[in-house]
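Just so you know, the sequences run in chain order A and B. For the first sequence, position 351 (counting from the first letter as 1) is numbered 350 according to numbering that gives the first Met the number 0, and the numbering increases by one without interruption. For the second sequence, position 74 (counting from the first letter as 1) is numbered 73 according to numbering that gives the first Met the number 0, and the numbering increases by one without interruption. Here a beta-carbon is modelled for each residue, glycine too, at the ideal position from N, C-alpha and C.
Number of protein chains: 2
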Amino acid sequence: MKTHPPANTLQFGHTFTDHMLTIPWNLFTGWGPPKIGPYAPLALEPSSTVFHYAQTLFEGMKAYRDKEGKVSLFRPDMNMKRMNNSAKRIALPTFNGDALLECIKELVRLDKDWIPKEPGYSLYVRPTLIGTQTTIGVSPPADALLFVICCPVGPYYPKGFKPVALYGTTEYIRAAPGGTGAFKLGVNYAPGVVAQREAAKLGYVQNLWLHGPEHYLTEVGTMNMFVVFKQPDGGLELVTPPLDGMILPGVTRDSVLALARSHASHTQHIPNLPSNLTVSERPVTMAEVKAASTEGRLVELFGAGTAAVISPVDRIGYMGEDVLIPTGEDGMGPVSRPIWKELVGRQTGAIKSEWSVTVSE
Amino acid sequence: MKTHPPANTLQFGHTFTDHMLTIPWNLFTGWGPPKIGPYAPLALEPSSTVFHYAQTLFEGMKAYRDKEGKVSLFRPDMNMKRMNNSAKRIALPTFNGDALLECIKELVRLDKDWIPKEPGYSLYVRPTLIGTQTTIGVSPPADALLFVICCPVGPYYPKGFKPVALYGTTEYIRAAPGGTGAFKLGVNYAPGVVAQREAAKLGYVQNLWLHGPEHYLTEVGTMNMFVVFKQPDGGLELVTPPLDGMILPGVTRDSVLALARSHASHTQHIPNLPSNLTVSERPVTMAEVKAASTEGRLVELFGAGTAAVISPVDRIGYMGEDVLIPTGEDGMGPVSRPIWKELVGRQTGAIKSEWSVTVSE
Numbered sequence: 000m001k002t003h004p005p006a007n008t009l010q011f012g013h014t015f016t017d018h019m020l021t022i023p024w025n026l027f028t029g030w031g032p033p034k035i036g037p038y039a040p041l042a043l044e045p046s047s048t049v050f051h052y053a054q055t056l057f058e059g060m061k062a063y064r065d066k067e068g069k070v071s072l073f074r075p076d077m078n079m080k081r082m083n084n085s086a087k088r089i090a091l092p093t094f095n096g097d098a099l100l101e102c103i104k105e106l107v108r109l110d111k112d113w114i115p116k117e118p119g120y121s122l123y124v125r126p127t128l129i130g131t132q133t134t135i136g137v138s139p140p141a142d143a144l145l146f147v148i149c150c151p152v153g154p155y156y157p158k159g160f161k162p163v164a165l166y167g168t169t170e171y172i173r174a175a176p177g178g179t180g181a182f183k184l185g186v187n188y189a190p191g192v193v194a195q196r197e198a199a200k201l202g203y204v205q206n207l208w209l210h211g212p213e214h215y216l217t218e219v220g221t222m223n224m225f226v227v228f229k230q231p232d233g234g235l236e237l238v239t240p241p242l243d244g245m246i247l248p249g250v251t252r253d254s255v256l257a258l259a260r261s262h263a264s265h266t267q268h269i270p271n272l273p274s275n276l277t278v279s280e281r282p283v284t285m286a287e288v289k290a291a292s293t294e295g296r297l298v299e300l301f302g303a304g305t306a307a308v309i310s311p312v313d314r315i316g317y318m319g320e321d322v323l324i325p326t327g328e329d330g331m332g333p334v335s336r337p338i339w340k341e342l343v344g345r346q347t348g349a350i351k352s353e354w355s356v357t358v359s360e
Numbered sequence: 000m001k002t003h004p005p006a007n008t009l010q011f012g013h014t015f016t017d018h019m020l021t022i023p024w025n026l027f028t029g030w031g032p033p034k035i036g037p038y039a040p041l042a043l044e045p046s047s048t049v050f051h052y053a054q055t056l057f058e059g060m061k062a063y064r065d066k067e068g069k070v071s072l073f074r075p076d077m078n079m080k081r082m083n084n085s086a087k088r089i090a091l092p093t094f095n096g097d098a099l100l101e102c103i104k105e106l107v108r109l110d111k112d113w114i115p116k117e118p119g120y121s122l123y124v125r126p127t128l129i130g131t132q133t134t135i136g137v138s139p140p141a142d143a144l145l146f147v148i149c150c151p152v153g154p155y156y157p158k159g160f161k162p163v164a165l166y167g168t169t170e171y172i173r174a175a176p177g178g179t180g181a182f183k184l185g186v187n188y189a190p191g192v193v194a195q196r197e198a199a200k201l202g203y204v205q206n207l208w209l210h211g212p213e214h215y216l217t218e219v220g221t222m223n224m225f226v227v228f229k230q231p232d233g234g235l236e237l238v239t240p241p242l243d244g245m246i247l248p249g250v251t252r253d254s255v256l257a258l259a260r261s262h263a264s265h266t267q268h269i270p271n272l273p274s275n276l277t278v279s280e281r282p283v284t285m286a287e288v289k290a291a292s293t294e295g296r297l298v299e300l301f302g303a304g305t306a307a308v309i310s311p312v313d314r315i316g317y318m319g320e321d322v323l324i325p326t327g328e329d330g331m332g333p334v335s336r337p338i339w340k341e342l343v344g345r346q347t348g349a350i351k352s353e354w355s356v357t358v359s360e
């Protein structure tokens with residue numbers, strides 16, 4: 000057993016728990032028996048196709064402990080479904096999502112003491128599927144390995160929300176029609192690092208992925224994005240780009256949309272969320288965001304993802320100037336604040352919801 | 000020592016030699032000492048970034064043995080240069096190409112008895128560079144591993160050239176402006192497997208990558224491509240798409256261009272290559288190829304790459320019909336045949352050239 004580092008020293012993805020889940024697959028024999036064993040190196044032939052042709056996909060999900068000690072996962076069915084969609088896109092094997100989820104629950108139960116007791120902490124669960132065929136032809140792999148590792152993680156903003164500055168990337172792309180942007184594949188990440196690094200060099204925290212000559216806003220670094228506009232009637236429009244094949248169908252994205260829509264349609268009331276709210280999945284251009292900023296119609300802009308949940312933005316470096324975005328005193332805006340509160344309440348078990356799936360009572 | 004399988008049973012990428020080269024890198028300590036050891040599995044933490052974010056690139060080059068037993072590599076400087084360019088694109092470490100080449104020569108010398116004695120056989124050398132940082136943040140990796148493995152390979156067409164049928168892919172893309180198509184990265188390969196599989200289902204051997212609404216021809220499967228048109232004056236135009244950021248700068252592509260240009264400019268004479276030859280790097284659309292086919296102006300179309308050298312094409316399935324492409328009785332055409340002969344002569348040492356770099360006398 001490894002020693003558990005103090006919670007306040009945890010960095011995202013640096014510390015892993017005692018165990019891991021591995022499930023091998025072969026074209027002729029199918030899925031082998033799932034095995035939970037000690038966290039340990041993988042021994043793979045240097046000819047394994049993952050090393051050559053990037054045959055890899057992954058998921059990210061979190062296990063939370065509530066005040067009574069109950070451990071739960073947040074909407075894990077969505078991760079299982081997306082993981083299978085990712086597998087199909089690069090000819091890796093698909094699997095029974097319910098069965099994998101039971102194995103993951105077993106792993107989380109075994110390592111649940113790794114979830115720090117402090118509020119805001121959780122266990123990040125990383126299912127990964129790689130091609131392990133040992134012959135280097137470019138083809139659907141005849142061997143694969145699914146593995147799941149876990150790391151205890153802290154709150155993304157331990158000292159309260161700190162809005163970030165984005166750099167609108169025009170030199171590199173994240174996705175294109177006919178490509179892989181809608182799938183959680185390794186191939187979407189390695190090429191984005193240089194864009195991030197260039198944004199950092201220019202003094203921005205993350206990059207904003209733009210698409211096409213119109214500079215459509217698509218994603219923020221490795222998160223989905225939302226923007227809020229003030230409408231002529233005084234109401235607010237919450238907008239996120241549509242799932243057009245270039246946008247990752249994020250679980251947090253879907254949750255933000257579902258909460259906002261149920262509030263807007265009066266199916267349920269989210270405390271403090273403005274009542275005159277329209278929810279849109281539609282394309283947004285930088286020209287529209289820039290004009291709204293200038294005319295005082297831009298209300299807020301934020302990223303949404305499993306790691307940070309909600310990540311407010313206060314400016315976008317774009318074509319040589321900064322587009323300013325309002326943020327509240329607490330760093331958040333009038334739409335993101337109540338949605339974040341509802342979302343985190345449901346994730347941590349403070350607010351009961353069917354999105355929360357019990358792992359351990 | 001492994002036993003050497005009979006040459007005629009060798010399949011591309013199935014058999015590896017006795018040794019491998021490994022060179023570790025760390026952000027703070029730089030490149031570690033190169034080590035040539037037994038071919039053996041790599042032990043990597045499951046959190047290694049190559050498994051999650053596809054931080055991998057590779058090269059492909061061949062070592063040939065001539066009749067006198069001399070072993071040489073073909074234009075390896077180009078592979079070293081391209082490998083460094085690939086590394087920069089995904090924030091992996093760059094290196095001294097000359098120094099790496101010396102290490103690769105040492106490895107090839109050690110395993111040169113693996114090159115089958117039969118004509119047409121060679122040793123395929125696969126340098127690979129992967130991110131091995133063990134923390135799962137999306138960032139330039141702080142650790143990497145460069146390794147080189149080798150496999151004995153046979154002639155791509157052991158029974159003479161067999162032209163292949165291509166399927167013009169319109170649903171998936173290989174590359175897009177601002178993406179990674181011009182770099183030899185793993186991320187360009189995993190997403191292409193489904194397109195290949197769909198082509199195969201429809202009865203085609205490989206897929207043809209098209210770009211944009213104009214359906215520009217870009218690459219053939221994992222090869223560069225060339226097309227030859229008959230011109231109004233009876234001359235021939237050899238065309239390949241330009242290096243516009245979406246085309247892999249192939250060593251075979253460059254060699255075909257260099258040979259054809261030196262012949263066209265009368266700098267050197269390639270036996271049997273037509274004299275009235277124009278060489279163009281310019282975009283070509285499917286509409287142009289289709290019109291030329293209908294009007295009898297299409298002379299030939301072929302793929303070019305390290306594995307197959309030249310791969311002639313006899314038809315392209317496109318938008319529900321087949322575009323027919325002429326081939327000679329031997330499967331080749333009037334431009335590819337003499338260029339292939341010159342190229343293979345230079346590769347195998349039968350024709351002296353400065354492109355051939357001696358590894359062992």
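Can the beta-carbon of residue i be found less than 7 Å from the beta-carbon of residue j?
| i | j | result |
| --- | --- | --- |
| VAL283 (chain B) | VAL238 (chain B) | yes |
| THR326 (chain A) | SER71 (chain A) | no |
| TYR63 (chain B) | SER121 (chain B) | yes |
| LEU300 (chain A) | PRO273 (chain A) | no |
| LEU207 (chain B) | GLY178 (chain B) | no |
| VAL308 (chain B) | GLY332 (chain B) | no |
| CYS150 (chain B) | PHE15 (chain B) | yes |
| VAL147 (chain B) | LEU106 (chain B) | yes |
| SER310 (chain A) | GLY316 (chain A) | no |
| GLY185 (chain B) | THR55 (chain B) | yes |
| LEU367 (chain B) | LEU145 (chain B) | For chain B, the structure presents residues 0 to 360; residue 367 (chain B) sits outside this window and is missing. |
Counting only beta-carbon separations shorter than 7 Å, does residue i have a partner in chain B?
| i | result |
| --- | --- |
| ILE103 (chain A) | no |
| MET0 (chain A) | no |
| PHE50 (chain A) | yes |
| ILE269 (chain A) | no |
| THR179 (chain A) | yes |
| PHE27 (chain A) | no |
| HIS18 (chain A) | no |
| GLY59 (chain A) | no |
| PRO92 (chain A) | no |
Within a Cβ cutoff of 7 Å, which residues of the same chain sit near residue i, ignoring the five residues on either side of it in sequence?
| i | result |
| --- | --- |
| LEU43 (chain A) | THR131 |
| ARG88 (chain A) | THR179, PHE182 and LEU184 |
| PRO162 (chain B) | PRO311, VAL312, ASP313, THR326 and GLY330 |
Compare the C-beta of residue i with all C-beta atoms of chain A and state if any pair is closer than 7 Å.
| i | result |
| --- | --- |
| ALA86 (chain B) | no |
| VAL192 (chain B) | yes |
| GLU213 (chain B) | no |
| VAL124 (chain B) | no |
| ILE35 (chain B) | no |
| THR284 (chain B) | no |
Can you list, in chain order, the residues of its chain with a C-beta nearer than 8 Å to that of residue i? Leave out the 5 residues immediately preceding and following it.
| i | result |
| --- | --- |
| LYS34 (chain B) | LEU20, THR21 and ILE22 |
| ALA379 (chain A) | Look at the range of chain A in this structure, 0 to 360, and you will see that residue 379 (chain A) is not part of it. |
Where does residue i land, buried or exposed, given buried means 16+ other C-beta within 10 angstroms?
| i | result |
| --- | --- |
| ASP232 (chain A) | exposed |
| GLN10 (chain A) | exposed |
| GLY78 (chain A) | A quick correction: the sequence has Asn, not Gly, at residue 78 (chain A). Answer is buried; the Cβ neighbour count reaches 16. |
| GLU287 (chain B) | buried |
| LYS183 (chain A) | buried |
| ASP142 (chain B) | buried |
| MET318 (chain A) | exposed |
| LEU100 (chain A) | buried |
| ARG314 (chain A) | buried |
| ASP97 (chain B) | exposed |
| ASP329 (chain A) | exposed |
| PHE27 (chain A) | exposed |
| MET60 (chain B) | buried |
What does a CB cutoff of less than 6 Å around residue i pick up in its chain, not counting 5 residues either side in sequence?
| i | result |
| --- | --- |
| ALA263 (chain B) | LEU276 and VAL278 |
| ARG74 (chain A) | VAL250 and TRP354 |
| VAL227 (chain B) | LEU235, LEU237, VAL298, GLU299 and VAL334 |
>> Beta carbons nearer than 7 Å to chain A: which residues of the segment 120-147 of chain B have them?
In response: ARG125, THR127, ILE129, THR134, ILE135, GLY136, VAL137, SER138, PRO139 and PHE146
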